[in-house]
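Worksheet: one structure, shown below.
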Amino acid sequence: MAKNQADLVRIIIENVGGKDNVISLTHCVTRLRFVLKDDHLANKKALTDLDEVMTVVQAGGQYQVVVGEKLVVPLYDLAMSQLQLASGDKEEPVAKASTGIVSKVMDSISGVLSPILMVLAAAGLVKGLMSFFSSLGWIDTDSGLYMILYALGDGFFYYFPILLGITAARKFKVNEFVGAAIGAALTYPTMVNLSSTADVLGTVFQGTSFEMSYYTTVFGIPVIMPGSGYTSSVIPIILAVLFAAKLDRSLRKALPDVLKNIVAPFVTLVVTVILTYLVIGPVATLISNSLAWLVSALYSIPYVGGAIAGAILGGGFGVLVMFGLHWAVLAIAISNIAVNGFDYIAVVTAVGPFVGMAQGLAICAKARSTKVRNLALPATISQICAVGEPLMYSILLPLKKEYAINIVCGAIGGVLLGISGAKAYLMGGQGLFGLANYIDPATGNMSDFYKVLICLAIAMVLTFIVEFIMYSDKRAEEALGSN
């Protein structure tokens with residue numbers, strides 16, 4: 003039993019194999035995400051026996067200790083202090099042989115996106131609310147208040163590569179300002195505005211979905227960019243900083259001490275930015291466009307495309323979240339919005355919080371067990387705020403049948419959303435705070451908002467009825483332990 007938070011952190015570190023076994027540590031909304039040298043040195047049973055630990059998940063090359071929204075930040079700060087880790091200054095040892103390429107990719111994506119996710123949600127909420135209020139005539143788009151708040155919301159996404167450059171630099175162990183500088187170069191107005199200020203010199207992939215024009219060259223090589231440059235993009239900056247980190251480490255090993263602090267960042271920045279505009283950026287853009295095309299192609303399959311995608315993502319996204327593997331899906335959604343201005347994936351994944359909310363409300367309404375009600379009520383409140391781990395680990399998973407209901411009803415809700423063809427225009431909040439994501443910020447059109455609202459309402463009513471019928475106090479107490 004931990005005496006206080008500092009003692010709890012000490013116990014957690016001991017049971018992940020000690021300080022020397024920790025390569026790095028990040029956190030998301032509810033989890034401490036360790037990267038360990040050897041997972042076998044960790045004591046999962048000792049960790050899960052702690053009252054403050056909901057569960058332990060091993061996925062994506064990470065050892066994830068789920069402690070809940072309230073504890074995660076203070077425990078992270080204490081752990082960073084006890085581990086004496088600092089962002090970007092500890093070179094990561096060679097990855098374990100048992101770590102596969104998928105785990106490495108998942109770990110990289112989560113490490114880059116998770117530190118920024120809450121601010122992304124806040125900025126998206128601001129932008130979404132401005133669109134919502136302006137569409138209802140509650141705020142004048144020419145007013146100073148609107149312009150300032152819209153600048154806050156839109157500015158975050160416009161300069162997203164700068165912010166991702168910082169988090170990617172932390173993840174890949176290079177100076178954060180190197181990452182920021184690369185992001186700034188990718189969003190520099192002169193380069194962004196080339197498509198509107200310069201003449202077209204040529205076109206590549208002409209006549210295909212991947213057609214791109216170029217307006218300037220370097221060493222005779224075309225500088226191929228998306229029409230809006232790299233503003234709001236995700237994949238190019240991540241790949242660019244990954245390359246920069248490897249180049250910087252190589253330079254620092256080769257250069258004498260008197261030169262490395264000046265020459266290494268200079269060469270790293272010049273080479274990386276030029277190479278990003280010539281090679282990394284176009285390749286990353288092709289990847290982004292391919293992912294966007296695949297999603298659109300699936301949804302364009304007559305009658306069944308949206309239903310298939312909706313069933314898979316609506317029912318399966320919660321499983322991915324449980325194992326911490328959802329970051330790849332979120333990265334594709336963010337990338338699709340940058341490429342197309344909208345995304346289908348984010349819509350169907352939104353059903354999870356609402357299905358969980360309906361389940362929690364049904365259990366609270368029917369349960370007579372004090373133990374169950376004491377667990378379900380705070381977990382349901384967290385679920386309303388789109389934090390699903392408390393309900394997941396305290397009620398749904400232990401009861402098993404409830405988790406099956408969650409998956410099935412989530413899949414049904416996903417099918418409805420997929421068939422509706424509704425689009426998300428922002429990656430803002432989740433749950434109730436994410437409803438503004440479905441208002442087109444360019445036109446104020448709310449048709450997708452109403453589609454989502456109707457589908458979610460149907461899914462919630464269905465889930466509530468099924469859960470209310472299927473829930474049993476006796477079964478719950480057997481699974482959770484009697485009072």
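Each residue of the sequence shown is one higher than the last, beginning at 3 in our numbering.
Note that the Cβ used here is the ideal one computed from N, Cα and C, for glycine as well.
Measuring only the C-alpha atoms, how far is residue i from residue j?
{"i": "L119", "j": "L241", "result": "19 angstroms"}
{"i": "E54", "j": "V69", "result": "6 angstroms"}
{"i": "D91", "j": "L363", "result": "In this prediction, D91 has a pLDDT of 40, which is less than 50 and means its spatial position is unreliable; nothing more can be read from the coordinates."}
{"i": "E469", "j": "M359", "result": "11 angstroms"}
{"i": "G412", "j": "F356", "result": "9 angstroms"}
{"i": "K5", "j": "L77", "result": "14 angstroms"}
{"i": "A335", "j": "S235", "result": "11 angstroms"}
{"i": "L277", "j": "G222", "result": "14 angstroms"}
{"i": "G343", "j": "F135", "result": "20 angstroms"}
{"i": "F174", "j": "L244", "result": "6 angstroms"}
{"i": "L196", "j": "G229", "result": "8 angstroms"}
{"i": "E93", "j": "Q7", "result": "Since pLDDT at E93 reaches only 44, below the 50 mark, its modelled position is unreliable, and no value is offered."}
{"i": "D22", "j": "I471", "result": "51 angstroms"}
{"i": "I103", "j": "D109", "result": "10 angstroms"}
{"i": "L300", "j": "A61", "result": "28 angstroms"}
{"i": "F207", "j": "V331", "result": "27 angstroms"}
{"i": "L52", "j": "E480", "result": "21 angstroms"}
{"i": "A187", "j": "E213", "result": "23 angstroms"}
{"i": "K476", "j": "R251", "result": "60 angstroms"}
{"i": "G354", "j": "G316", "result": "7 angstroms"}
{"i": "I339", "j": "D345", "result": "5 angstroms"}
{"i": "A478", "j": "E391", "result": "18 angstroms"}
{"i": "A99", "j": "D40", "result": "Residue placement at A99 is flagged as unreliable, the pLDDT there being 40, under the threshold of 50; a coordinate-derived value is accordingly withheld."}
{"i": "Q361", "j": "V59", "result": "23 angstroms"}
{"i": "M394", "j": "V297", "result": "28 angstroms"}
Would you check if the distance between the CB atom of residue i and the CB atom of residue j is smaller than 8 angstroms?
{"i": "V281", "j": "L249", "result": "no"}
{"i": "L85", "j": "V180", "result": "no"}
{"i": "T143", "j": "T189", "result": "no"}
{"i": "V341", "j": "A294", "result": "yes"}
{"i": "D201", "j": "Y216", "result": "no"}
{"i": "V454", "j": "A424", "result": "yes"}
{"i": "N177", "j": "P267", "result": "yes"}
{"i": "A333", "j": "I111", "result": "yes"}
{"i": "V67", "j": "L38", "result": "no"}
{"i": "G19", "j": "A44", "result": "yes"}
{"i": "C30", "j": "S116", "result": "yes"}
{"i": "A123", "j": "G430", "result": "yes"}
{"i": "A369", "j": "G436", "result": "no"}
{"i": "T210", "j": "A246", "result": "no"}
{"i": "S396", "j": "A381", "result": "yes"}
{"i": "V194", "j": "G231", "result": "yes"}
Could you say which of the options lies nearest to residue i if we only look at CA atoms?
{"i": "G312", "options": "A335, L277, V331 and V350", "result": "V350"}
{"i": "V220", "options": "Y279, L418 and F268", "result": "Y279"}
{"i": "I383", "options": "Q66, K72, A8 and A44", "result": "K72"}
{"i": "I289", "options": "L253, M227, T270 and F268", "result": "M227"}
{"i": "D9", "options": "A124, N45, K46 and L80", "result": "L80"}
{"i": "G446", "options": "M132, S234 and S252", "result": "M132"}
{"i": "T57", "options": "T205, L77, T32 and Y78", "result": "T32"}
{"i": "G318", "options": "K175, N408 and R477", "result": "N408"}
{"i": "Y440", "options": "Y161, A348 and V75", "result": "A348"}
{"i": "P224", "options": "A247, L244, G283 and E404", "result": "G283"}
{"i": "F36", "options": "L27, V75, V269 and I314", "result": "L27"}
{"i": "S422", "options": "T199, Q361 and S302", "result": "S302"}
{"i": "V410", "options": "A481, V321, A330 and S337", "result": "V321"}
{"i": "L401", "options": "Y473, G146, V269 and G113", "result": "Y473"}
{"i": "Y160", "options": "A367, D22, K403 and S337", "result": "S337"}
{"i": "K47", "options": "N17, K255 and D40", "result": "N17"}
{"i": "A444", "options": "L428, S145 and F212", "result": "L428"}
{"i": "V114", "options": "F162, L398 and P191", "result": "F162"}
{"i": "V107", "options": "T192, H328, I13 and A256", "result": "H328"}
{"i": "V75", "options": "H42, L34 and D40", "result": "L34"}
Please name the residue or residues paired with residue i in a DSSP beta bridge.
{"i": "Y148", "result": "Answer is none; Y148 lacks a bridge partner."}
{"i": "L34", "result": "H29 and V67"}
{"i": "T57", "result": "V68"}
{"i": "T219", "result": "P224"}
{"i": "V107", "result": "Looking at the DSSP assignment, V107 forms no beta bridge with any residue, so it has no partner."}
{"i": "V260", "result": "For V260, which the question treats as bridged, DSSP gives no partner whatsoever."}
{"i": "T382", "result": "Bridge partners of T382: none, in fact."}
Problem set entry | Meets three-Cβ-pair contact criterion under 8 angstroms: the stretch 447-464 and the stretch 373-392 | Contact between the stretch 447-464 and the stretch 373-392 is not established, with fewer than three Cβ pairs separated by less than 8 angstroms.
Exercise. Are three or more beta carbon pairs between the stretch 369-382 and the stretch 447-461 nearer than 8 angstroms?
Worked result: Short answer: they don't touch.
For this session: Could you tell me whether the stretch 158-169 touches the stretch 177-197, where touching means 3 or more Cβ pairs closer than 8 angstroms?
Result: Contact annotation: the stretch 158-169 touches the stretch 177-197, with at least three C-beta pairs closer than 8 angstroms.
For this session: Specify whether the stretch 120-128 and the stretch 147-163 touch according to this definition: at least 3 beta carbon pairs, one from each stretch, less than 8 angstroms apart.
Result: Contact holds: three or more Cβ-Cβ distances are below 8 angstroms.
Exercise. Does the stretch 408-422 come within contact of the stretch 305-320, defined as at least 3 CB pairs closer than 8 angstroms?
Worked result: By the Cβ rule, the stretch 408-422 counts as touching the stretch 305-320, because three or more pairs are nearer than 8 angstroms.
Exercise. With contact counted as at least three CB pairs below 8 angstroms, one residue from each stretch, are the stretch 259-267 and the stretch 291-308 in contact?
Worked result: In short, these stretches do not touch, since the Cβ pair count stays below three.
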